[in-house]
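Colleague:
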Amino acid sequence: MLHTLEQINFRNLKEFSLDFSGGITIICGPNGHGKSNLLEAIHIICQGFSFKTKALQEAINWNAKDFILRTKTAAIQVDSTGVKGKLEGKEFRRANTLFGSAPLVFISPEDIQLAKGTPENKRNFLDELLCFCKKSNLDLLRRYRRVLQQRNRLLKDIADTGTTNEYLFEALTEQLSTLAVMVWQERKAICEILEPHINNFYQTLCNKSEEIKFTYARALTKEDFLNVLKEKFNAERASGTTLAGPHRDDIELLISGHSMRDFGSQGQCRSIALSMKFAAAEIIENHTGTKPILLLDDVFAELDTSRREAVAKIVKQKDLQTFAATPSAADLPFQGDALIPSSVFH
Ligand SMILES: Nc1ncnc2c1ncn2[C@@H]1O[C@H](COP(=O)(O)OP(=O)(O)O)[C@@H](O)[C@H]1O
Ligand SMILES: [Mg+2]
Numbered sequence: 000m001l002h003t004l005e006q007i008n009f010r011n012l013k014e015f016s017l018d019f020s021g022g023i024t025i026i027c028g029p030n031g032h033g034k035s036n037l038l039e040a041i042h043i044i045c046q047g048f049s050f051k052t053k054a055l056q057e058a059i060n061w062n063a064k065d066f067i068l069r070t071k072t073a074a075i076q077v078d079s080t081g082v083k084g085k086l087e088g089k090e091f092r093r094a095n096t097l098f099g100s101a102p103l104v105f106i107s108p109e110d111i112q113l114a115k116g117t118p119e120n121k122r123n124f125l126d127e128l129l130c131f132c133k134k135s136n137l138d139l140l141r142r143y144r145r146v147l148q149q150r151n152r153l154l155k156d157i158a159d160t161g162t163t164n165e166y167l168f169e170a171l172t173e174q175l176s177t178l179a180v181m182v183w184q185e186r187k188a189i190c191e192i193l194e195p196h197i198n199n200f201y202q203t204l205c206n207k208s209e210e211i212k213f214t215y216a217r218a219l220t221k222e223d224f225l226n227v228l229k230e231k232f233n234a235e236r237a238s239g240t241t242l243a244g245p246h247r248d249d250i251e252l253l254i255s256g257h258s259m260r261d262f263g264s265q266g267q268c269r270s271i272a273l274s275m276k277f278a279a280a281e282i283i284e285n286h287t288g289t290k291p292i293l294l295l296d297d298v299f300a301e302l303d304t305s306r307r308e309a310v311a312k313i314v315k316q317k318d319l320q321t322f323a324a325t326p327s328a329a330d331l332p333f334q335g336d337a338l339i340p341s342s343v344f345h
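First residue of the sequence shown: 0, per numbering that gives the first Met the number 0; consecutive thereafter.
1) To the nearest whole angstrom, what separates the beta carbons of A234 and L242, a pair I think is in contact under 8 Å?
2) Opposite G84 in the DSSP bridges: which residues?
3) To the nearest angstrom, report how far apart C205 and E173 are at their CA atoms.
4) Where does H2 sit, in a helix, a strand or coil, going by DSSP?
5) Identify whether H32 lies in helix, strand or coil by the three-state DSSP scheme.
6) Please state whether DSSP places K64 in a helix, a strand or coil.
7) How is I111 classed by DSSP in three states: helix, strand or coil?
8) Looking only at DSSP bridge pairs, what is V227 linked to?
9) For K290, which residues in the same chain have their Cβ closer than 6 Å to its Cβ, ignoring the five residues on either side in sequence?
10) When you get a sec, list the residues whose CB is within less than 5 Å of any heavy atom of ligand 1, chain order please.
11) In chain order, what residues of the same chain lie with their CB nearer than 6 Å to the CB of A216, ignoring the 5 residues before and after it?
12) Return yes when the Cβ of F213 is within less than 8 Å of the Cβ of E194, no when it is not.
13) Beta carbon of V310, beta carbon of L302: below 8 Å?
14) Per DSSP, what kind of secondary structure is S270 in: helix, strand or coil?
15) Would you list the one or two residues that DSSP bridges to A323?
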């Protein structure tokens, strides 16, 4: 749970120090007020990264040199030279040290991309969940990315000059395939865990029994993967990049047997996305024993009354510390326990 949040020079927010006592905190105000900025600040101090930008420096107020976020257990200061922080008394220089320090689930209208968007949206969703559930997955995914980059660099060499260090290339291909199989095992397992949770939430939201399939079909053995890479070698050599592996996979999302991306209505896609996020929250709680914080950014305006009510029911039932941003309190299907004071905003 988030007990306190102090902030200086974060985007357009005024310096503040807030206390929270759990329950639902409402963030209400017109567009451009800074509601998402406040959620972003919570996201960064709990997760070490932003849902808006890769460069944390962007969040420094335009008239300031740095921003500071602080909770009871963590602090981070970001300026143009980099990041400094402390987590439970230990200093760090990389924001990703904060990842998982207070697990949270961020829900926004953008989540519709989980149903409609690119495979990357779904992969990122799975990978984030994998890292919450098992810390060693952070390291596994990092190692996979590093080996992939190195292999791509050699392929680029081949594309540019016709040659490369063949011995190193073989070694990297071998390492890549070992790590790929491990990533596949993890992703396949988490999809199997997710599927029934997604179906439960979807039924609660839509009050209909349409079967949702969320399957990671593409998990190869090491031997098969090496064969695929062999077959693709000419194409890889021409393009200078690795053309198969967990970084290219799609995850099948079907509703009553049909592809969600191609046939899902807006309403179905929104409900699926919400179900996936609530399923993630449930799995995080089951795996870590910690209740995640829930950030809801403007999610109600787009839902019809029955879905709003269903979300309210889930939020109450799950009893998570929740921050809900909305331009109009009338859109919210629940009463808050607290309201962010308007003095936080300009
Ligand atoms: N680094 C920054 N410094 C100062 N203001 C910023 C910065 N980044 C964004 N803003 C301002 O924040 C506002 C958007 O805030 P946002 O939280 O997205 O509003 P909303 O209440 O609609 O969610 C915009 O007016 C933008 O100009
Ligand atoms: Mg907003």
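Where is the CB? At the ideal position from N, CA and C, for every residue including glycine.
Modeller: Quick look at the numbers:
1) 6 Å
2) I75 and F91
3) Straight-line measurement puts the Cα of E173 at about 46 Å from the Cα of C205.
4) coil
5) Coil.
6) coil
7) Helix, per DSSP.
8) In DSSP, V227 forms no bridge with anything.
9) Here the set comprises E284 and L319.
10) In chain order, the residues that have a beta carbon nearer than 5 Å to some heavy atom of ligand 1 are R10, N11, N30, G31, H32, G33, K34, S35, N36, N60 and W61.
11) So the qualifying residues of the chain are E251.
12) Result yes, Cβ atoms of E194 and F213 sit closer than 8 Å.
13) yes
14) It is helical.
15) I25 and L295
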